[in-house]
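The opening position of the sequence shown corresponds to residue 522 in the numbering used here, with each subsequent residue numbered one higher. Below is one structure; the comments refer to it alone.
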Amino acid sequence: MQAYKAKGKIDAMGNLVVEEPIQIPPGNVEVIILLLADEVNNSSETPSESQAETPKKQVRYRTKAFRDLLENSPPVPPDFDPEQAKWEYLKEKHNL
Numbered sequence: 522m523q524a525y526k527a528k529g530k531i532d533a534m535g536n537l538v539v540e541e542p543i544q545i546p547p548g549n550v551e552v553i554i555l556l557l558a559d560e561v562n563n564s565s566e567t568p569s570e571s572q573a574e575t576p577k578k579q580v581r582y583r584t585k586a587f588r589d590l591l592e593n594s595p596p597v598p599p600d601f602d603p604e605q606a607k608w609e610y611l612k613e614k615h616n617l
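Laid out in structure tokens, this is it:
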């Protein structure tokens, strides 16, 4: 696989427009789009709009039922062992 670099832009219709000719033989290509850093900082979206759309932890939830619970829960300690927690729960549940 070879890599080529060219500058382009996305037009109002969402189409990729490459601004310079590329000397590549015809065929299928894979396109990777990198947004320029100054374009990211100058986006038309206000900070309050971006905060309202995405949660604080940058996680998108498929369902909204437990979103508030998960967002406001304390972080899991690094030494937490889920298997040990399951075992403790089962011991308590079945009086072992």
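No residue lacks a Cβ here, since even glycine has one placed at the ideal position from N, Cα and C.
| Check | Outcome |
| --- | --- |
| Over the uninterrupted beta strand (DSSP E) stretch that includes Leu617, give me the two end residues. | From DSSP, Leu617 is part of no beta strand (DSSP E); its letter is neither H nor E. |
| Taking Leu591 as part of the alpha helix (DSSP H), name the residues at either end of that continuous run. | Arg588 to Asn593 |
| Report the rounded CA-to-CA distance for Ala524 versus Ala586, giving the unit in angstroms. | 44 Å |
| Which residue wins for smallest C-alpha separation from Ile553, given the options Lys528, Gln544 and Ile545? | Lys528 |
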